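Asker: Letter by letter, the sequence shown follows residues 1 to 902 of UniProt numbering. We put the CB at the ideal spot given by N, CA and C, even for glycine. Every value quoted in this text rests on a predicted model; they were computed, and no experiment measured them.
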Amino acid sequence: MNQSEFGEKHQTGLISPHNRKIIKPSSNTINLSNSIKARSSLQQTKFDNTNPLVEAREALNINQRRIANEDLFDQLMEKALDHPLHEVFEPILKVMFRGDNCILWIDIPENQYLYSPTNKFVSQYSNSLPGFVHKTQSIIQIKDASQAPKGFTIDSRVSPVNSPLFFFPLANRAVVQVVRRSNSGGFNETDMETAQLLMHKFSIYGNALFSVSTLTPLALQLFKESPATLNPLTLIEKHFDCGEAQIWRVDAVKNIYSKFNPEIGDMEIKDEDPTISHAISLNGIENNSDEIKLICTHEINKREIWVGVLSGRGEMFNSSEEAQFRSLLPFLIKFITGFGNESQQKALASRIGDLLNVFSLIACTLNISDLQRIINDQVPTIFDCESVKFVVFSETENPPQSGLISQSLSLNEPFIAENPSKVKGYNPSVDSINNQEPRSLLSSAIRTVQKTVVGYLALFSKKGNNCFDANDSLLLKDLSSFIASSISQSQRIEMMNDISASIAKGDTLKEVLTNISKSSDIKRVVVYANNNGWVKLADAGEIGNPQQEIEAIKNQADCEGVTFYPIKNENQEEIGQFGVNGDLDNIQTYCNVIGTLINVQEKSDISLNEIIDTSKAALASAANSIDLGENVFKYTFQTNNLKIQNYYQLVFKIFGRFRIFDNFNVSNAALFNFLREIKLTKQGADNLQMFASLLLQCRMESTLSNMELFGSLVSCILSDYNCPQNSILVESPEAIVSLSKAVTVMANDGNNIFKSIQQTDLKNIWDLIIDLVVSSDFNNFYNVLNSAEKVIDGENDDEDDNQKYSMKKENLKLFLACAKLSPCVRNKKGDEKISNLATDFFRRCDLTHTSFKDVKSREEIDQEKISDALFNDAAIPAFKLLSKIDSSLNVISQCVSNNASN
């Protein structure tokens with residue numbers, strides 16, 4: 001298998017792992033995962049229900065495995081807080097995957113390779129299979145190392161001969177390689193689910209485990225160096241993989257703005273920056289829709305405010321990176337202003353290393369109980385005190401109303417008291433532990449970036465009969481800042497879990513908005529969704545009249561105090577806006593959640609009544625009553641402005657035109673359920689429309705049997721599988737994943753559009769579908785053209801029926817190949833759809849047949865020439881060849897040539 005059969009995937013930043021899900025057929029359906037050629041297995045297809053007792057046992061086993069994996073994952077995360085990652089991961093993952101060996105390859109981006117700390121081995125990005133998995137974020141399974149694709153190597157020292165191998169990525173920061181013995185039988189669906197579980201978990205919070213380990217040396221370097229010897233912005237840019245980092249200081253009284261200049265090692269006065277002032281007014285969050293930025297503030301006092309800015313990156317900053325940047329900001333400020341006098345530096349130096357290690361643990365803490373344990377274990381040693389009290393306010397834990405600690409909650413600086421029992425206001429129930437009178441007290445409020453007090457940390461009785469001093473106060477203030485970030489992150493994770501569960505239950509947008517408003521300090525929520533015909537305006541989750549909502553959105557005065565942020569889909573296309581008046585700390589999380597929900601609702605929450613008139617008794621007349629007009633059968637039909645409901649209607653219209661409902665007794669509900677369960681895409685419907693247009697243009701439908709026609713139309717719908725987000729298997733191309741999903745969906749009688757087909761014919765129709773869908777992969781494009789050309793140019797009237805059927809299939813493959821290039825018929829060369837299609841085509845095709853045949857890597861393809869190449873190397877030759885079948889297709893070929901010349 002060559003490299004092009006793998007394809008290359010575009011990185012899209014934080015992508016939800018459910019998009020990468022590999023769906024395999026259940027045990028009672030067709031198994032398509034081993035070989036495309038093993039079509040005889042189709043005879044074993046079963047659509048009847050299995051024994052209920054067997055099903056119950058299987059369900060119980062699955063649930064037991066899931067519970068066991070959840071427990072193992074909890075162990076993994078707990079141990080990862082204070083142990084090297086590879087030492088924790090590899091033994092636990094061996095148990096989860098029942099593997100003979102497990103290797104954690106950790107990303108080292110500055111060196112462009114992955115590193116195995118256990119084995120001290122390196123896997124390069126460019127030529128290793130772990131590097132390929134990391135780069136494409138794919139899940140890959142192969143029978144042994146010899147089946148690695150051409151150009152990608154696997155280290156034989158960790159991959160014995162004939163050993164099945166399984167690779168999957170973690171949080172864009174690592175790759176897991178699982179190795180089994182040769183007689184183990186390979187990997188199965190349970191292993192896929194386990195990998196998906198880990199990928200999902202790490203998409204939420206696992207990324208922090210890989211990144212916080214570098215915080216300690218980074219902060220320590222800032223402490224040891226000075227502006228004369230080090231440019232701190234370079235360190236920050238490298239750590240966060242961004243193009244530019246800035247540090248600003250604002251005098252809020254005199255309205256003076258100054259910016260750090262690394263060339264002189266000091267601050268320079270600048271003009272007022274509206275972005276910085278806006279961020280300060282929003283308590284430190286700023287997301288510009290034109291440019292991705294992370295802006296965090298650090299308030300020394302009401303007058304002196306510092307602002308850190310990260311920008312110049314192609315993907316959004318996540319919550320972990322936000323917490324890290326907030327944690328590093330005090331060190332950056334002190335690096336610029338100086339860490340105090342010489343005596344203070346010496347005192348700090350003796351404890352800074354231990355403190356930074358605690359900072360790292362806190363930064364990746366996932367819940368409050370873990371945070372409590374870390375503070376109780378680590379803080380007394382660092383501050384050399386006898387005991388600590390850490391309190392986070394909640395429904396059951398209110399702020400103290402009396403005592404010295406209560407007074408400290410209103411202070412910007414930590415509170416110090418010697419012999420606190422003799423200080424006015426002392427309350428032993430608050431200012432001590434177990435009413436044991438402390439010799440000294442150091443207390444600090446814990447504040448979020450919105451300056452909300454969410455708890456406190458109090459230290460009791462400095463050892464050696466000493467009192468806490470200014471250095472202790474300085475360290476405790478920084479520690480409190482880290483703790484506040486950790487609390488916010490823990491609450492964010494808890495909130496995300498609640499909202500994710502809400503979405504999983506199928507809650508509506510209104511219910512999800514209500515959950516968001518309850519979990520955050522939000523006064524007003526506005527959701528504006530475009531491209532799907534509806535707009536929602538909500539106050540604390542309440543949705544009003546749609547007409548009023550549209551008018552309110554257009555009238556910006558009615559949205560005073562509401563800040564809007566873009567909502568994007570998995571392709572990073574803006575599908576709406578999300579606006580809030582209130583808590584901005586979790587804004588990106590909300591945008592991601594609502595974007596996911598809009599996508600799910602757009603594709604799934606469509607009723608059959610929206611597609612057809614279900615009151616019609618006759619199946620054919622019901623389908624034909626859809627108001628799309630006869631233009632839908634023309635090759636010039638434009639689909640750009642169609643909604644997802646219209647694509648369902650388009651499929652119904654075409655199936656009605658070719659009498660599929662009548663000839664195969666397919667019900668409206670069965671077709672609707674089938675399309676919904678396979679997640680009908682716009683491209684799949686587009687392929688079907690152009691394919692049908694080509695058949696009708698040259699009157700080829702009369703040469704096809706009803707079975708061939710039905711199979712061809714279904715193939716068009718299933719041929720949309722080569723999207724960048726899909727995962728792939730080396731021995732099971734993406735086409736097989738699509739086919740497997742279709743088979744699994746039709747195992748349910750309610751979704752089975754082949755229900756009326758006899759078993760003897762079922763194998764034949766699936767045989768045709770497999771041939772067509774696999775051939776439609778762009779990596780087979782030139783093979784299809786070569787085979788079709790031989791059939792078209794050959795003139796032999798003596799073929800037997802089998803030969804005629806094979807020739808007919810080659811023609812159908814050519815029709816489908818041209819249908820997938822439909823944008824070239826409808827759009828000019830400069831159109832965005834052409835650019836996207838060109839990128840997808842050259843990501844997978846055999847480059848030896850193109851003008852890019854001499855490039856060493858697909859990354860070297862000239863993007864400015866890619867649209868020209870799509871027309872000249874693919875579309876024009878394909879449609880010219882197609883026109884040889886029937887002269888009536890010449891007009892379409894000429895249309896493609898005209899679009900190429902513009």
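1) Taking contact to mean at least 3 C-beta pairs separated by less than 8 Å, is the region 806-818 in contact with the region 761-775?
2) Using 8 Å as the cut-off, can you tell me whether the region 685-700 makes contact with the region 745-762, which would need three or more C-beta pairs spanning the two stretches below that distance?
3) Does the Cβ-Cβ distance between T297 and V307 come in under 7 Å?
4) Does the distance from the CB of C824 to the CB of A875 come in under 7 Å?
5) For a test of the three-state rule: what should DSSP assign to P227, helix, strand or coil?
6) I believe P130 touches V88 by the beta-carbon criterion, under 8 Å. Please report the beta-carbon distance rounded to the nearest angstrom.
7) Checking 7 Å against the spacing of the C-beta atoms, do D478 and P330 come in under that value?
8) According to DSSP, W766 sits in a beta bridge with which residue or residues?
9) Give me the Cβ distance between P160 and K143, rounded to the nearest whole Å; I'm assuming they're in contact under 8 Å.
10) List the residues that DSSP assigns as beta-bridge partners of C296.
11) How close, in whole Å, do the beta carbons of S660 and F710 come, if the pair is a contact with beta carbons under 8 Å?
12) Any chance the region 409-416 sits against the region 382-394, with 3 or more Cβ pairs inside 8 Å?
13) For the putative contact between residue 929 and L675, defined by C-beta atoms under 8 Å, what is the C-beta separation to the nearest angstrom?
14) State the CB to CB distance for the pair D384 and K302, rounded to an integer number of angstroms; the pair is presumed to be in contact (CB under 8 Å).
15) Of all the alpha helix (DSSP H) runs that stay within the bounds of the region 840-889, which reach a length of 4 or more residues?
16) Residues in its own chain within less than 6 Å of S667 by CB, not counting five upstream and five downstream?
17) Counting along the chain, where does the beta strand (DSSP E) carrying A245 start and finish?
18) From K422, D862, L104, Y456, pick the residue whose C-alpha is nearest to that of P438; which is it?
19) Taking all protein chains shown into account, decide if Q137 is buried (16 or more other Cβ within 10 angstroms of its Cβ) or exposed.
20) Should the region 395-413 be called in touch with the region 430-448, which here means at least 3 C-beta pairs below 8 Å?
21) With F187 and R157 assumed to form a contact (beta carbons below 8 Å), what rounded beta-carbon distance in angstroms separates them?
22) I236: buried (16+ other C-beta within 10 angstroms of its C-beta) or exposed?
23) Tell me, which residues are paired with P169 by DSSP?
24) Taking the C-alpha atoms as reference points, what is the distance between G314 and P149?
25) Around the Cβ of F653, are there at least 16 other Cβ atoms within 10 angstroms (buried) or fewer (exposed)?
26) Taking only three categories from DSSP, how would you classify Y648?
27) Can you give me the Cβ contacts of S27 inside the same chain, cut-off strictly under 6 Å, excluding the 5 residues immediately before and after it?
28) If you measure between the beta carbons of L294 and F260, is that distance less than 7 Å?
29) Using CA coordinates, which residue listed in A145, V453, L459, N465 is at the minimum distance from N484?
30) Compare the beta carbon distance of F168 and I139 with 7 Å and say whether it is the shorter of the two.
31) Any idea what DSSP makes of Y782, helix, strand or coil?
32) What is the DSSP secondary structure of Q147, reduced to helix, strand or coil?
33) Pick out the complete beta strand (DSSP E) segments inside the region 85-153, 3 residues or longer, and give them in chain order.
34) Rounded to a whole number of angstroms, what is the C-alpha to C-alpha distance between K828 and V891?
35) Going by the CB atoms, is the gap between N673 and G750 shorter than 7 Å?
36) Quick check on the burial criterion: 16 or more other C-beta atoms within 10 angstroms. Buried or exposed for D777?
Answerer: The short version:
1) yes
2) no
3) Position 297 of the sequence shown holds residue 297. Position 307 of the sequence shown holds residue 307. Yes, Cβ-Cβ distance for T297 and V307 is below 7 Å.
4) Along the sequence shown, read from residue 1 onward, the residue named residue 824 stands at position 824. Along the sequence shown, read from residue 1 onward, the residue named residue 875 stands at position 875. Yes. Within cutoff.
5) Here residue 227 corresponds to residue number 227 of the sequence shown, with the count starting at 1. Here P227 sits in coil by DSSP.
6) Within the sequence shown, residue 130 is the residue found at index 130, counting from 1. Within the sequence shown, residue 88 is the residue found at index 88, counting from 1. Not confirmed; about 19 Å, so no contact.
7) Your numbering for residue 478 matches position 478 in the sequence shown. Your numbering for residue 330 matches position 330 in the sequence shown. Taking 7 Å as the Cβ cut-off, D478 and P330 qualify as a contacting pair.
8) Position 766 of the sequence shown, counted from the first residue, corresponds to residue 766. Partner(s): none; W766 has no beta bridge.
9) One-based indexing of the sequence shown puts residue 160 at position 160. One-based indexing of the sequence shown puts residue 143 at position 143. P160 to K143, Cβ: 13 Å. No contact.
10) Against the sequence shown, residue 296 aligns to sequence position 296. Answer is G308.
11) Position 660 of the sequence shown, counting from 1, holds the residue named residue 660. Position 710 of the sequence shown, counting from 1, holds the residue named residue 710. It is Ile, not Ser, that sits at residue 660 in the sequence shown. Indeed, because the Cβ distance is near 6 Å, the residues count as touching under 8 Å.
12) no
13) The structure shown does not extend to residue 929, since the chain spans only 1 to 902, so no value can be given for it.
14) In the sequence shown, the residue the question calls residue 384 occupies position 384. In the sequence shown, the residue the question calls residue 302 occupies position 302. Incorrect: roughly 33 Å between the Cβ atoms, too far for contact.
15) 866-870, 876-883
16) Taking the sequence shown and counting its residues from 1, one reaches residue 667 at position 667. Correct list: empty, nothing qualifies.
17) As a first step, residue 245 must be located in the sequence shown, where it is residue number 245. Here the beta strand (DSSP E) through A245 covers 244-251.
18) If you number the sequence shown from 1, residue 438 lands on position 438. For the residues K422, D862, L104, Y456, the minimum Cα distance to P438 belongs to K422.
19) The count along the sequence shown starts at 1 and reaches residue 137 at position 137. Counting Cβ neighbours within 10 Å, Q137 comes out buried, since at least 16 surround it.
20) yes
21) As a first step, residue 187 must be located in the sequence shown, where it is residue number 187. As a first step, residue 157 must be located in the sequence shown, where it is residue number 157. That pair is no contact at about 21 Å.
22) Within the sequence shown, numbered from 1, the residue matching residue 236 stands at position 236. Classification of I236: buried, given that the 10 Å Cβ count is 16 or more.
23) Numbered from its first residue, the sequence shown carries residue 169 at position 169. Answer is V175.
24) Along the sequence shown, one-based indexing puts residue 314 at 314. Along the sequence shown, one-based indexing puts residue 149 at 149. Each residue's Cα considered, the two are about 29 Å apart.
25) For this step, residue 653 is matched to residue 653 along the sequence shown. In the sequence under discussion, the amino acid at residue 653 is Lys, which differs from the Phe named in the question. Buried is the call here.
26) For this step, residue 648 is matched to residue 648 along the sequence shown. Three-state result, Y648: helix.
27) Within the sequence shown, residue 27 is the residue found at index 27, counting from 1. Bear in mind that a pLDDT of 30 at S27, under 50, signals an unreliable position, so the number given afterwards is only what the model happens to contain. Closer than 6 Å at Cβ, skipping near neighbours: no residue.
28) Within the sequence shown, numbered from 1, the residue matching residue 294 stands at position 294. Within the sequence shown, numbered from 1, the residue matching residue 260 stands at position 260. No, they are not a contact pair.
29) Stepping through the sequence shown from its first residue, residue 484 is reached at position 484. The residue you asked about is not Asn; residue 484 is Ala in the sequence shown. Checked all of A145, V453, L459, N465; the closest Cα to A484 is V453.
30) Reading the sequence shown from its first residue, position 168 is the one you call residue 168. Reading the sequence shown from its first residue, position 139 is the one you call residue 139. Contact: yes.
31) Within the sequence shown, the letter at position 782 stands for residue 782. Reduced to three states, the DSSP call for Y782 is helix.
32) For the purposes of this step, residue 147 is identified with residue 147 of the sequence shown, where counting begins at 1. Q147: helix per DSSP, three-state reduction.
33) 101-108, 113-116, 121-124, 140-142
34) For the purposes of this step, residue 828 is taken as the residue at position 828 of the sequence shown. For the purposes of this step, residue 891 is taken as the residue at position 891 of the sequence shown. Looking at the two C-alpha atoms, the distance is approximately 16 Å.
35) Counted from its first residue, the sequence shown places residue 750 at position 750. Counted from its first residue, the sequence shown places residue 673 at position 673. In contact: G750 and N673 (Cβ atoms closer than 7 Å).
36) Sequence index remark: in the sequence shown, residue 777 carries index 777 (1-based). Buried.
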